Amino acid sequence: MGLTSTQSAQKEAERGILLTTVDKMTRWARKSSVWPATFGLACCAIEMMSVTSSRYDLARFGSEAFRASPRQADLMIVAGRVSQKMAPVLRTIWEQMPEPKWVISMGACASSGGVFDNYAIIQGVDHVVPVDVYVPGCPPTPEALMFGILKLREKIQMGLPPKYQEIAERGGAS
Ligand code: SF4
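Here is the structure:
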């Protein structure tokens with residue numbers, strides 16, 4: 001009698017052989033090396049910086065390599081309020097990042113303007129770039145940001161498209 005696919009996978013695993021698909025492996029590699037752009041706007045950025053310290057050790061998830069060039073980054077963490085003046089700069093940096101790319105909106109100010117309900121502050125960075133994960137708080141703790149990064153990793157592993165692709169598939173502009 002022939003083995004079921006689960007049984008034969010178990011047999012291979014016992015022999016020390018792992019079976020997967022190229023797609024699954026690509027997703028695994030991609031989620032394990034998400035590199036953020038070095039980019040901080042206000043007080044939230046201090047919490048963002050601390051995730052790379054030994055206390056929090058973001059390196060466990062392969063994302064400690066903050067890149068000075070957007071060309072080498074696939075994650076933008078918007079850490080802090082976005083002023084009207086900064087919005088076009090932020091958009092340019094996002095456009096310079098290679099695809100696929102993701103955005104985390106960190107904190108109340110980035111997600112909604114926070115307490116700065118005035119003409120100078122963008123009332124949500126999703127008016128400027130498509131956001132994949134929102135991290136609440138003022139400021140969010142480093143743990144909260146790491147949780148957001150873990151959520152993003154889950155999304156990548158599941159093969160869900162980045163937000164801008166999702167919007168484009170629906171026929172909207174990113
Ligand atoms: S959410 Fe709070 S900590 Fe973050 S930039 Fe706004 S005021 Fe600062």
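Residues 1 to 174 in UniProt numbering are what the sequence shown spells out, letter by letter. Virtual Cβ for every residue (Gly too), placed ideally from N, Cα, C. Please read all numbers here as calculations on a predicted model, not as lab measurements.
Secondary structure of Ala-79 (DSSP, three-state): strand. Arg-81 has its CB nearer than 7 Å to a heavy atom of the ligand SF4. Here the C-alpha atom of Thr-4 lies approximately 10 Å from the C-alpha atom of Gln-10.
Between Leu-90 and Val-82, the C-beta gap is smaller than 8 Å, which places the two residues in contact. For Trp-102, the enclosing beta strand (DSSP E) starts and ends at 102-106. Taken through DSSP and simplified to helix, strand or coil, Ile-121 comes out as strand. Remark: the shortest separation between the CB of Gly-40 and any heavy atom of the ligand SF4 does not fall under 7 Å.
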